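**Q** If you read the sequence shown in the working numbering, its first letter stands for residue 137, the second for the next number, and so on. In this text, a Cβ means the ideal position worked out from N, Cα and C, and glycines have one as well. Just so it is clear, the structure is predicted and the values come from calculations on it, not from any experiment. What follows is a single structure, and I will ask about it in a moment.
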Amino acid sequence: MAGTSSGIVAGLTALAVGAVGFLAYQAHTAGPVSPAGRPGATASPSVTPGKAPRDRRHPTALPSGSGRGERVVYSLDDDRVWLVDRTDRVERTFAVNPGTVDPPPGSYWITSRSSAVIGTDGAPIEHVVRFTSVDGLAIGFSAAVGTPPPADPGVRTGGVRENRADGEEMWKFATIGVPVVVIR
137 MAGTSSGIVA GLTALAVGAV GFLAYQAHTA GPVSPAGRPG ATASPSVTPG KAPRDRRHPT
197 ALPSGSGRGE RVVYSLDDDR VWLVDRTDRV ERTFAVNPGT VDPPPGSYWI TSRSSAVIGT
257 DGAPIEHVVR FTSVDGLAIG FSAAVGTPPP ADPGVRTGGV RENRADGEEM WKFATIGVPV
317 VVIR
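Written out as structure tokens, the structure reads:
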């Protein structure tokens, strides 16, 4: 009887592990999910698909067509970020240094955060907030601790680097689920 019981337990354990693996695979291939249950990498109808209009007299002004409500707006063409509150008021804007891999324009959500890690370029980084991935490479905002190594254009990096003061403000603002709108 003992042999039969252990066989049943082993079979049930294998079945459970297989089911968890299958569900993990499905979750991985579906992409990030927003707090509302929608895929995180879909373009928002309120976001201009091309280059968002700019105010030529105020180059650091929030571009129109960048969404509504609380969000992080990241301009690929301007290498600039805006932290926007729920009333559409800009709390902070700052220049950033992008990685070698850009996310496609669209709407995303902050999906994970790390207080301190080593970046793909080998530099220690802090205040990491991730919002998508491109071909398995995590894309997010971070601040280098100390002097980062010289950029190697041959290394795929997804870190959008901020100075440490801006990184700390991003860390306070961009909690899990906060929208990120990527524009041209």
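Taking only the alpha-carbon atoms, compute the straight-line gap between aspartate 288 and valine 220 and give it to the nearest angstrom.
**A** The straight-line gap from Cα to Cα measures roughly 32 Å.
**Q** Does the segment 243-252 come close enough to the segment 263-277 that 3 or more CB-CB pairs lie under 8 Å?
**A** Segments in contact, yes.
**Q** Find the nearest neighbour of proline 260 within the set Phe277, Thr293 and Val281, judged by alpha-carbon distance.
**A** Of Phe277, Thr293 and Val281, the residue nearest in Cα terms is Val281.
**Q** Does DSSP put arginine 216 in a helix, a strand or coil?
**A** It is a strand residue.
**Q** Determine the direct distance from the alpha carbon of threonine 196 to that of aspartate 215, and round the result to whole angstroms.
**A** Rounded to whole angstroms, aspartate 215 to threonine 196 spans 11 Å at the Cα level.
**Q** Which residues mark the beginning and the end of the alpha helix (DSSP H) in which arginine 300 is found?
**A** Element bounds for arginine 300: 300-309.
**Q** Would you check if the distance between the CB atom of valine 373 and the CB atom of arginine 207 is smaller than 8 Å?
**A** Outside the modelled stretch of the chain, which goes from 137 to 320, sits residue 373, for which no answer is possible.
**Q** Of all the options Ala231, Ile254, Asp257 and Arg225, which has the alpha carbon lying nearest to the alpha carbon of glutamate 298?
**A** When only C-alpha atoms are compared, the closest one is Ala231.
**Q** Look up histidine 263 in the DSSP assignment and say whether it is helix, strand or coil.
**A** Histidine 263: strand per DSSP, three-state reduction.
**Q** For serine 211, count neighbouring Cβ atoms within 10 angstroms of its own Cβ and tell me buried if that reaches 16, exposed if not.
**A** Serine 211 is buried by the Cβ-count criterion.
**Q** Check whether the Cβ atoms of threonine 256 and glycine 290 lie closer than 8 Å to each other.
**A** Not closer than 8 Å, so no.
**Q** How many angstroms separate the CA atom of serine 251 from the CA atom of valine 264?
**A** Approximately 6 Å between the Cα atoms of the pair.
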